[in-house]
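Counting from 38, one number per residue, gives the positions in the sequence shown under our numbering. We put the beta carbon where it would ideally sit given N, CA and C, even for glycine. Here the structure is a predicted model, which means the values were calculated and not measured. To keep things clear, I will list the structure first and then write my remarks on it.
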Amino acid sequence: MLENIRVVLVNTSHPGNIGGAARAMKNMGLSRLVLVDPLDFPSGDAVARASGATDILDAAQVVGTLEEALVGCNLVLGTSARDRRIPWPLLDPRECGVASCEQAAQGGEVALVFGREYAGLTNEELQRCHYHVHIPSDPAFSSLNLAAAVQVLAYEVRMAWLAAQNQPTKVLKLEATAIQSSQPVTADELESFYGHLQEALVEIGFLDPAKPRHLMTRLRRLYGRSEVSKLEMNILRGILTETIKAARGEHHKQGKADV
Ligand code: SAH
38 MLENIRVVLV
48 NTSHPGNIGG
58 AARAMKNMGL
68 SRLVLVDPLD
78 FPSGDAVARA
88 SGATDILDAA
98 QVVGTLEEAL
108 VGCNLVLGTS
118 ARDRRIPWPL
128 LDPRECGVAS
138 CEQAAQGGEV
148 ALVFGREYAG
158 LTNEELQRCH
168 YHVHIPSDPA
178 FSSLNLAAAV
188 QVLAYEVRMA
198 WLAAQNQPTK
208 VLKLEATAIQ
218 SSQPVTADEL
228 ESFYGHLQEA
238 LVEIGFLDPA
248 KPRHLMTRLR
258 RLYGRSEVSK
268 LEMNILRGIL
278 TETIKAARGE
288 HHKQGKADV
């Protein structure tokens, strides 16, 4: 599906930006780069800035006009550093990501079009686009570096794509045991911990069973909002066991903690 989304760079002057854009694309799983009349390409600067995304540069299609770059496209999204340069249907980058993925998922072809470093896209070029996309930067300094703008839109495409695939956007690399130990404790486990805690507090003389006041209530409130995990609960229980032993003068091994 991401192969249906092409990035079109119009009249880029700095080859380094082409390389930076290729790198940004490859990071986000996009592979189709179309260059409209670039000033200097192929170029060593592009290769250097691509830092490993040279396959995208090698496969880049170089064309003479925007019209050629947009052949076969069902959805054309034109980016502009200035908000509302001409009145046109406007999307923010997030909506752009979702719209691109929806179109691509239906087998449609999508183009994300980026302008010249110094002048952006002309009004004529912008009018060839179905939507305009503006990255909501500070109006006092609104223009991003070209490759940085590609990065923002490519990232939003990836987020929308991951969501559409039901793939997690957070990389969970926890081992099975770690996942288990990070599970929150159950109400009954918490309840038996309170019993154990109370026993230890009485044992060390901190809690007077004849005058308990609100100590246990307050401790319940404290632990209740702590979202204690099973692993953490084991540590707390271990501490209580050793505390009770120490208070009773029973021998205890040093450094039992195994966390
Ligand atoms: N001086 C130009 C700036 C162009 S920046 C102008 O005022 O239009 C080069 C390209 O990066 C732009 O054509 C656009 O494709 C992209 N870009 C930079 N900042 C952007 C922003 N805030 N929103 C969307 N695209 C942006």
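(message) Quick check: does the Cβ of residue 230 come within less than 7 Å of any heavy atom belonging to the ligand SAH?
(response) Checking every heavy atom of the ligand SAH against the Cβ of residue 230, none is found closer than 7 Å.
(message) Measuring only the C-alpha atoms, how far is residue 282 from residue 65?
(response) When rounded, the distance between both Cα atoms is 56 Å.
(message) Check whether the stretch 139–155 and the stretch 41–49 are in contact - that is, three or more C-beta pairs closer than 8 Å.
(response) Under the three-pair Cβ rule at 8 Å, the stretch 139–155 counts as touching the stretch 41–49.
(request) Give the secondary structure of residue 220 by DSSP, where H, G and I count as helix, E and B as strand, and everything else as coil. (result) Secondary structure at residue 220: coil, using DSSP grouped into helix, strand and coil.
(message) Please state the DSSP three-state secondary structure of residue 231.
(response) In the structure shown, residue 231 adopts helical secondary structure according to DSSP, grouped into three states.
(request) Within its chain, find whatever has a CB closer than 7 Å to the CB of residue 159; leave out the 5 residues flanking it on each side and keep chain order. (result) Take residue 159, set aside five residues on each side of it, and no residue of its chain has a beta-carbon closer than 7 Å to its own.
(request) Could you have a look at residue 299 and say whether DSSP puts it in helix, strand or coil? (result) There is simply no residue 299 to check, as the chain begins at 38 and stops at 296 in what is shown.
(request) Starting from the C-beta of residue 63, find all residues in its chain whose C-beta is less than 7 Å away, skip the five residues before and the five after it, and write them out in chain order. (result) For residue 63, where only same-chain residues beyond five positions count, the Cβ hits under 7 Å are 90, 93.
(message) Assuming the contact rule is C-beta atoms closer than 8 Å, residue 40 and residue 68 should be a hit. Round their C-beta distance to whole Å, please.
(response) Yes, residue 40 and residue 68 are in contact; Cβ-Cβ is about 6 Å, under 8 Å.
(request) Please go through the stretch 47–109 and give each complete alpha helix (DSSP H) segment of 4 or more residues, from N-terminal end onward. (result) DSSP assignment within the stretch 47–109 yields the following whole alpha helix (DSSP H) runs of 4 residues or more, N-terminal first: 52–64, 81–87, 91–96, 103–106.
(message) Are the CB atoms of residue 115 and residue 84 within a distance shorter than 8 Å?
(response) In this structure, residue 115 does not lie closer than 8 Å to residue 84 by Cβ.
(request) Could you round the C-beta distance between residue 171 and residue 117 to whole angstroms and report it? I think they count as a contact, below 8 Å. (result) Right, the Cβ-Cβ distance comes to about 6 Å (below 8 Å), so this counts as a contact.
(message) Does residue 59 pass the burial test, meaning 16 or more other C-beta atoms within 10 Å, or should it be called exposed?
(response) Answer is buried; the Cβ neighbour count reaches 16.
(message) Given 7 Å as the limit, tell me if residue 51 has its C-beta closer than that to any heavy atom belonging to the ligand SAH.
(response) Residue 51: no, Cβ never under 7 Å from the ligand SAH.
(message) Since residue 61 and residue 184 should fall inside the 8 Å C-beta cutoff, what is the C-beta to C-beta distance between them, to a whole number of angstroms?
(response) Going by Cβ atoms, the distance from residue 61 to residue 184 rounds to 6 Å, so yes, they are a contact pair.
(request) Could you say if the stretch 216–230 and the stretch 259–276 meet the contact criterion of at least three C-beta pairs nearer than 8 Å? (result) Taking a cut-off of 8 Å for Cβ pairs, the stretch 216–230 and the stretch 259–276 touch, as three or more such pairs fall below it.
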